[in-house]
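Everything below concerns the one structure shown next.
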Amino acid sequence: MALQLQIVGNAMQMAVVQLQPGQTVYCEAGKFLFKTVNVSMDTRISGPNNNQQGGGGGGGMGGMLRQAMGTAMQAGQRMLAGESIAFQYFTAQGSEGTLGFAGTLPGEMRALEITPGRAWMAEKDAFVAAESGVNFGIAFSGLRSGMAGGEGFILEKFTGQGTVIIAGAGNFIDLDLAEFGGKLQVDTGCIVAFEETVRYGVERVGRMNRQGVMNAVFGGEGLSLATLEGQGKVILQSMTLEGLANALRKAQGGDKEGATGGLFGTRVQ
Numbered sequence: 001m002a003l004q005l006q007i008v009g010n011a012m013q014m015a016v017v018q019l020q021p022g023q024t025v026y027c028e029a030g031k032f033l034f035k036t037v038n039v040s041m042d043t044r045i046s047g048p049n050n051n052q053q054g055g056g057g058g059g060g061m062g063g064m065l066r067q068a069m070g071t072a073m074q075a076g077q078r079m080l081a082g083e084s085i086a087f088q089y090f091t092a093q094g095s096e097g098t099l100g101f102a103g104t105l106p107g108e109m110r111a112l113e114i115t116p117g118r119a120w121m122a123e124k125d126a127f128v129a130a131e132s133g134v135n136f137g138i139a140f141s142g143l144r145s146g147m148a149g150g151e152g153f154i155l156e157k158f159t160g161q162g163t164v165i166i167a168g169a170g171n172f173i174d175l176d177l178a179e180f181g182g183k184l185q186v187d188t189g190c191i192v193a194f195e196e197t198v199r200y201g202v203e204r205v206g207r208m209n210r211q212g213v214m215n216a217v218f219g220g221e222g223l224s225l226a227t228l229e230g231q232g233k234v235i236l237q238s239m240t241l242e243g244l245a246n247a248l249r250k251a252q253g254g255d256k257e258g259a260t261g262g263l264f265g266t267r268v269q
């Protein structure tokens, strides 16, 4: 049963979802907006993948222990990623139900279709809501890449079957790496999501010569860019959280980047 939804709005979009009787979606705590009275709401620590694993772990104390350990591991991973440790589950009771979700920043939303052969990766904080058949997980792009990129190496991973709703800042642009020779260099803060077939990495911008230092000091990008390589689709956003925070700080008369751009500027973390 496909998830029926409509993404509405401009500067700050929201997703209005129509649930069929018995259909369930879940969201990260803080992304829920409204619901009709026949839609039940349940807050849990465990994600849907943990519930499925626990159901197959056998009965008795051993099965309960494995399920508890799986729940604790998932919660710990989400805490490490800076995500909420709890999910809110919504189920339509008796008749069709309506509910709404939104992101936390001015920008767009997108519905992605997840299938057993088509998983997606997303930057942390991109997740809004998903069908119960979609598994939410945490993936690690590699310690070296994450440390060099400055945006962290923790990604959200969506597997299973169903629709997942993500959100980002500013406007989205959809790209197919095959149309760009199979590789793109991207500001680390501009990445929203990409298919699992795309390889994520970080590489140095130019050499450590005069021009390389000029790019780093005055270009505002630091010394490294994220790389997206291989075959698959990519979603980028026009606004970065860091850029938005610095613009607000500047408007309030606080510290700002100044003439030297990103390497020596004072930035909001």
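Letter 247 of the sequence shown, counting from 1, is numbered 247 in UniProt numbering, and no numbers are missing. Note that beta-carbon positions come from the ideal geometry of N, C-alpha and C, so glycine has one too.
Asked: Q13 versus G170 - alpha carbon distance; Found: 10 angstroms
Asked: The stretch 84-99 / the stretch 14-22 touching (three or more Cβ pairs under 8 angstroms); Found: yes
Asked: Three-way DSSP call (helix, strand, coil) for K31 in this model; Found: coil
Asked: Three-pair Cβ contact test at 8 angstroms for the stretch 36-47 versus the stretch 112-132; Found: no
Asked: Local Cβ density within 10 Å of K31, reported as buried at 16 or more and exposed below that; Found: buried
Asked: Best match in L155, Q23 and A247 for proximity to N38 [C-alpha to C-alpha]; Found: Q23
Asked: Closest Cα partner of R204 within the set T197, A226, C190 and L184; Found: A226
Asked: Buried versus exposed, by CB contacts within 10 Å (16 or more), L248; Found: exposed
Asked: Beta-carbon proximity check, E123 vs L155, cutoff 8 angstroms; Found: yes
Asked: Short Cβ contact (8 angstroms threshold) for V198 with G230; Found: yes
Asked: Cβ neighbour criterion (16 or more within 10 Å) applied to Q252; Found: exposed
Asked: Rounded straight-line distance, which links the Cα of A178 to that of G185; Found: Note that residue 185 is Gln in the sequence shown here, rather than Gly. Going by the C-alpha atoms only, they are around 14 angstroms apart.
Asked: Distance, T36 Cα to M109 Cα; Found: 22 angstroms
Asked: Rounded distance between the beta-carbons of L236 and I166, thought under 8 angstroms; Found: The Cβ separation is near 12 angstroms, so there is no contact.
Asked: Where the beta strand (DSSP E) containing N38 begins and where it ends; Found: Here N38 belongs to no beta strand (DSSP E), and DSSP marks it neither H nor E.
Asked: Span separating the alpha-carbon of S224 from that of S40; Found: 47 angstroms
Asked: Residue range of the unbroken beta strand (DSSP E) whose run includes K233; Found: K233 to Q237
Asked: Ordered list of beta strand (DSSP E) runs contained in the stretch 157-211, each at least 3 residues; Found: 162-167, 172-176, 183-186, 191-195 and 198-204
Asked: Through-space distance from L228 to G182, alpha-carbon basis; Found: 8 angstroms
Asked: Limits of the unbroken beta strand (DSSP E) element including E123; Found: W120 to E123
Asked: Residues near N51 by beta carbon distance below 8 angstroms, same chain, minus five either side; Found: Low confidence applies to N51: its pLDDT is 47, below 50, so where it sits in the model is not reliable enough to give any reading.
Asked: DSSP-derived helix/strand/coil call for N51; Found: At N51 the pLDDT is 47, less than 50, meaning the model places this residue with poor confidence and gives no usable figure here.
Asked: Where the alpha helix (DSSP H) containing A245 begins and where it ends; Found: L241 to A251
Asked: Limits of the beta strand (DSSP E) - the one that A139 falls within; Found: V134 to F140
Asked: Close-in-space but distant-in-sequence residues of the same chain around G162 (CB under 7 angstroms, 5 per side omitted); Found: L3, I114, A130, E131, G133 and V134
Asked: Cutoff 6 angstroms; reference G55; Cβ partners in own chain excluding five residues on either side; Found: Confidence in G55 is poor, its pLDDT being 42 and thus under 50, which makes the residue's placement too unreliable to answer from.
Asked: Where A111 falls: helix, strand or coil (DSSP); Found: strand
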